[in-house]
Amino acid sequence: MKKMLTVALMAWGASIAIAQSLGTLEVKELKLSNGLTVWLNEDHTQPKVYGALIVKAGAKDCPNTGIAHYLEHVLFKGTQKIGTINYAEEKLWLDSISAKYNELSRTTEPQQRLKLQQDISRLSQRAADYAIPNEFDRLISQYGGSKLNAATSWDYTQYYNTFSPQFLEQWCELNSERMLNPVFRLFQGELETVYEEKNRSSDDMLTTAVEKLLGAVFKGHPYQYPIIGSTENLKNPRLSDMEDFFRRYYVAGNMGLMLSGDFTDEGIVPLLERTFGRLPKGEAPHRNIPALEPFNGETLNIKVNMPIIKALGLLFRGPLDKNKDAKALQLAMSLLTNDNGTGMLDSLRTAHKVMFAYGQRFALQEGGLAGLLIIPKLPFGSKKKAEQLCWQQIERVKRGDFSEAKLEELKLELIRNSALELEDGTDRAMMMGEVYAQGRSWTDYLQQEESVKQITKADVVAAANRYLLSDHYMRGVKKFGNYPKDKVSQPNYKPVVPKHAREQSDYARELAKIPVADKAPKLVDLQHDAEITPLTSHVQLYKVANPKNDLFTFTMKWHKGERDDANLALVASYLTELGTDSLTKHEIGEAWQRLGTTFETSSSDNYFSMTLTGFESNLAPSLNLLRHLLTSLQANKDAMKELKSEYKMSHHQLDRSNSSVFQMVLQKLSKGDHSSYLRQPAVAEVKKLSGEDLLHLFNDVLQYDCSVLYCGTKSSADVADLCKKYLPLSSSHLPKSDNEVPLQTYSEPIVYFYNMPSSRQTLLGVYGSIKPSLSDKEEALLSMWSQYMGGGMGSVMFQEIREFRSMAYSAHGQEITPNRARHRDNPSAYIMYLGTQGDKTMQALHVLDSLITQMPVNEQEVTTAKQEILNNVNNDYPSFRELPSFVSAYRTAGYSEDPHTNITRLVPTLNTNDMLDFYRQNIQSQPHVIFIVGNKKHLDMQALSKYGKLVELKKADVLR
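Numbering (numbering that gives the first Met the number 0), first residue to last: 0 to 959.
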């Protein structure tokens with residue numbers, strides 16, 4: 000049997016033609032009259048457009064100062080036209096503030112600095128009398144935008160969001176105006192926000208470790224410094240330096256506009272000339288970037304607060320992405336570790352010689368790296384032995400100890416992954432931006448992707464020998480410990496609350512005159528967006544056509560999940576480590592690789608899934624191999640032993656992160672004893688499990704209702720025939736369980752707190768239950784209130800807590816609703832949350848609680864929140880590859896139409912008074928609970944008791 004299956008799989012694998020197309024990925028590249036580069040990519044498969052402005056300037060152009068990152072923040076503050084009622088008068092105060100910041104940067108004497116900070120605070124109050132905060136964000140939302148954001152890297156800065164196509168003209172007008180004459184207003188608040196961002200990163204045990212590593216890897220180069228800048232420079236910002244940086248780098252010849260999505264490029268150039276053609280001409284100044292020195296075998300000790308685990312890494316200098324060696328070295332790394340676990344380093348893990356081994360090539364614009372991470376076996380594995388084994392595998396690649404067939408399989412893997420990466424419009428646009436920032440054309444990029452087919456074994460061996468050098472590398476060794484936290488203290492500025500937050504600028508009124516086509520959000524059509532074919536009385540096939548390429552996705556999703564049995568998470572991990580009665584784990588991986596297919600398992604609250612992704616020409620043999628796994632898996636004691644070790648290790652780390660603990664507390668409050676953290680098996684229970692126990696549970700899963708999800712080029716009839724031919728569909732004969740957990744309700748105010756003495760930040764949240772059996776109108780009102788209160792940059796939470804008072808880097812909220820198709824009689828709930836510096840805990844709590852009990856009302860922001868709801872529904876319409884999952888999930892849950900249907904129909908008809916009535920009856924007048932995760936020393940217990948009964952939570956209360 001083993002020989003017959005192996006021969007069949009080899010024959011099928013050999014039938015793959017590597018001449019796979021990346022699909023139609025046309026990008027029109029043009030330049031406007033001012034020199035601005037524009038890349039246009041039409042894609043009508045989703046009802047949205049992704050737009051981005053790329054500036055070829057980043058942290059490497061202002062080393063360790065944080066200027067590029069500060070500038071990214073203040074470019075949300077408006078211009079001489081956006082965000083002000085009278086810029087001419089405002090400018091007088093802003094110029095004085097800028098002068099004071101320059102003086103502050105030159106001053107070291109504490110009392111003089113305090114006096115200057117007080118002056119800045121006083122001047123900021125006066126300047127705020129002219130500001131309209133967040134007007135840019137509000138206008139983006141008003142005209143179809145969602146997911147507005149920006150990001151600074153070492154090499155470039157990008158500003159981006161998704162928007163509905165009918166608002167293309169408004170998007171171009173807004174985003175070009177943004178870059179014309181920006182005004183650095185309300186900087187005091189943004190300064191404190193960046194402080195919070197710095198402090199938040201210090202609570203992440205890996206952030207400082209990574210900074211130390213990069214400091215050594217890129218010593219002597221601007222990459223050695225963190226993007227956010229040093230603490231000293233953060234304390235001494237110079238607005239004049241930011242203005243100089245903007246004038247130097249934010250010029251048309253150094254910027255690119257990326258548009259990808261549902262638009263037509265016919266006639267678009269005049270619009271772009273009228274808007275983005277206004278940006279000033281210019282080229283970025285020449286940069287003198289120092290060359291990186293080669294490694295010389297040095298060892299760097301890196302402290303990580305993670306006991307038990309030993310780890311080491313090997314780093315090598317590598318080629319840049321645009322270098323012809325890049326793909327050859329990537330293939331060399333794939334020979335070590337790859338998607339199907341057949342690499343030479345993967346074999347060490349499969350043979351249980353190490354716990355973990357992984358390799359990857361990556362690059363910034365001025366320096367590339369190849370890295371390997373190795374974790375010896377727990378608990379007594381030797382780092383020295385693990386490293387020796389790693390070097391042995393590297394040397395095998397360097398001497399060409401691999402077959403031509405293996406190389407062809409890995410080339411196929413690269414081609415498949417590239418095609419998948421480029422098929423979604425948003426992902427493609429992000430790649431377009433990255434390629435542009437590298438100084439390459441889209442054509443060059445696609446040609447390099449195609450060139451993978453021509454790479455030879457000699458090319459791979461040469462690249463491995465050129466870069467994976469035994470005398471030029473850096474060894475990183477993990478040591479248990481912590482680095483001192485570099486605290487950025489807040490200057491205690493007085494909160495700035497602008498007088499005109501509820502007004503709009505003349506610019507906004509003019510923008511409103513541009514006509515817009517009335518277009519309803521696109522909803523998922525549960526009857527027609529997927530073809531539905533019953534395969535048996537308990538198995539349904541959901542098929543969606545793939546219009547892009549010849550790659551299929553095939554998922555079997557059984558309707559039994561972790562809410563039914565928490566051990567299913569272990570099953571999902573265990574199955575990928577097993578062989579069958581005729582194939583070893585390694586041979587299974589080799590079989591998948593020959594087919595060009597990936598195999599994944601996963602579990603969630605409601606489902607257990609197996610997913611295949613590969614080439615259409617090999618769907619049949621892939622299903623044949625899947626059948627073999629479904630019917631012939633064999634338990635493995637070594638694999639089970641490693642699973643237990645990994646579970647113990649990961650479980651041990653859960654309560655070391657304040658964000659993880661925050662999630663545990665939230666689940667305890669909202670789900671009670673049904674929290675996933677309380678239902679998961681204890682370490683002692685996992686220790687008692689056998690591999691046979693997990694296989695028995697897996698075989699039990701196969702008896703339940705199953706949804707088969709297929710996206711590809713075959714017809715439903717053909718896929719149905721293949722399923723019936725190859726898959727044990729008759730195993731499914733049990734109906735799915737209804738395991739919805741009602742949300743917890745509270746009849747009195749309670750304050751829960753969890754003490755984390757090492758946490759610099761405090762995470763605060765409010766949870767409130769909403770009555771059961773909401774009507775359709777009430778559900779729409781809850782969504783409207785939640786969006787207004789905590790849904791975006793214009794929300795009450797974001798404005799009051801981050802923008803006006805600078806108490807948090809993030810401040811958001813959302814509603815939680817039951818499955819309204821089957822459980823509309825269950826209660827709903829809301830959560831509001833933020834993270835703040837520890838010594839601001841009580842002040843932040845007071846503001847948070849007061850916003851719930853005495854919510855401020857802004858008519859404009861209510862209107863914006865309504866539009867944001869519609870934007871989010873439209874712009875989140877799933878991709879063609881995601882559609883089968885959405886349709887099956889909604890239908891399985893009992894819906895006959897998209898769950899957003901009523902909300903999108905009703906929200907436009909509702910007004911501020913409707914929302915206020917709902918708020919007063921269901922939120923303001925009802926008790927809520929507060930939950931706090933942080934250092935207890937920052938809590939005033941007497942003051943805290945005024946908010947409700949105090950309950951201190953311990954680890955055992957939230958984690959099993």
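Virtual Cβ for every residue (Gly too), placed ideally from N, Cα, C. No experiment lies behind these values; they were computed from the predicted model shown.
Chain D contact for LYS90 (CB, 8 Å cutoff): Considering every chain present, this structure includes no chain D. It has just one protein chain.
Residues bridged to ILE815 [DSSP beta-bridge criterion]: ALA828
C-alpha distance - GLY690 paired with LYS953, whole-angstrom precision: 33 Å
Contact set for SER608: own chain, Cβ-Cβ below 6 Å, skip 5 residues either direction: Answer for SER608: THR554, LYS556 and SER601, listed in chain order.
First through last residue of the beta strand (DSSP E) which encompasses MET254: 254-260
Close-in-space but distant-in-sequence residues of the same chain around THR201 (CB under 6 Å, 5 per side omitted): Thr is not the amino acid found at residue 201; the sequence shown has Ser there. Excluding residues within five positions, the ones whose Cβ falls inside 6 Å are LYS484 and ARG759.
Same chain only: Cβ atoms within 6 Å of LEU319, ignoring 5 sequence neighbours per side: ALA362 and GLY367
According to DSSP, residues forming a beta bridge with VAL928: ILE749 and TYR766, per the DSSP bridge assignment.
Straight-line Cα distance separating LYS670 from LEU522: 30 Å
Where the beta strand (DSSP E) through ILE81 begins and ends: Note, ILE81: premise wrong, no beta strand (DSSP E); not H, not E.
Cβ pair MET806, MET796 closer than 8 Å: One thing to note: MET806 has its Cβ no nearer than 8 Å to the Cβ of MET796.
Delimiting residues of the alpha helix (DSSP H) encompassing CYS389: 382-397
Whole-angstrom distance between MET332 and GLU407, CA atom to CA atom: 14 Å
ASP824 and SER772 closer than 8 Å at C-beta: Contact annotation: ASP824 and SER772 have beta-carbon atoms nearer than 8 Å.
Supposed contact pair VAL886 and ALA529 - C-beta distance, whole angstroms, cut 8 Å: 4 Å
Start-end ranges of the alpha helix (DSSP H) lying completely within the stretch 461-531, minimum 4 residues: 505-510
Selected residue, minimal CA-CA separation from GLN79, among LYS90, TYR69, THR852 and GLU71: Comparing alpha carbon positions, the residue from LYS90, TYR69, THR852 and GLU71 closest to GLN79 is LYS90.
C-beta contact flag for TRP380 and MET343 at 8 Å: As written in the sequence, residue 380 is Gly, which differs from the Trp given in the question. For GLY380 and MET343, no; Cβs fall outside 8 Å.
Start and end residues, alpha helix (DSSP H) containing ILE851: Run containing ILE851: 840-852, per the alpha helix (DSSP H) assignment.
Extent of the continuous beta strand (DSSP E) to which SER602 belongs: 597-602
Helix, strand or coil at GLY188 [DSSP, three-state]: helix
Every unbroken alpha helix (DSSP H) within the stretch 120-158, with a cutoff of 4 residues, ordered by chain: 134-141
CB contact flag (VAL682, HIS650, <8 Å): yes
Contact check, LEU618 vs GLY711, beta carbons under 8 Å: yes
CYS61 - DSSP class collapsed to helix/strand/coil: coil
Neighbourhood of SER746 by C-beta, 8 Å cutoff - its chain only, sequence neighbours within 5 removed: PRO926
Distance between beta carbons of LEU622 and LEU24, contact taken as under 8 Å: About 29 Å separates the two Cβ atoms, so there is no contact after all.
Three or more C-beta pairs below 8 Å linking the stretch 427-439 and the stretch 239-259: yes
Whole beta strand (DSSP E) elements within the stretch 302-334, 3-residue minimum: 311-317
Contact between the stretch 134-144 and the stretch 860-877 (3+ Cβ pairs under 8 Å): Touching, per the Cβ criterion.
Neighbourhood of SER95 by C-beta, 6 Å cutoff - its chain only, sequence neighbours within 5 removed: LEU122
For GLY588, three-class secondary structure by DSSP: helix
Any alpha helix (DSSP H) of 4 or more consecutive residues that is wholly inside the stretch 646-698: 657-670, 675-678 and 682-687
CA-to-CA distance, TYR889 to PRO898, given in whole angstroms: Those two C-alpha atoms are separated by around 8 Å.
C-beta contact flag for VAL846 and ARG804 at 8 Å: yes
GLU951 - DSSP class collapsed to helix/strand/coil: strand
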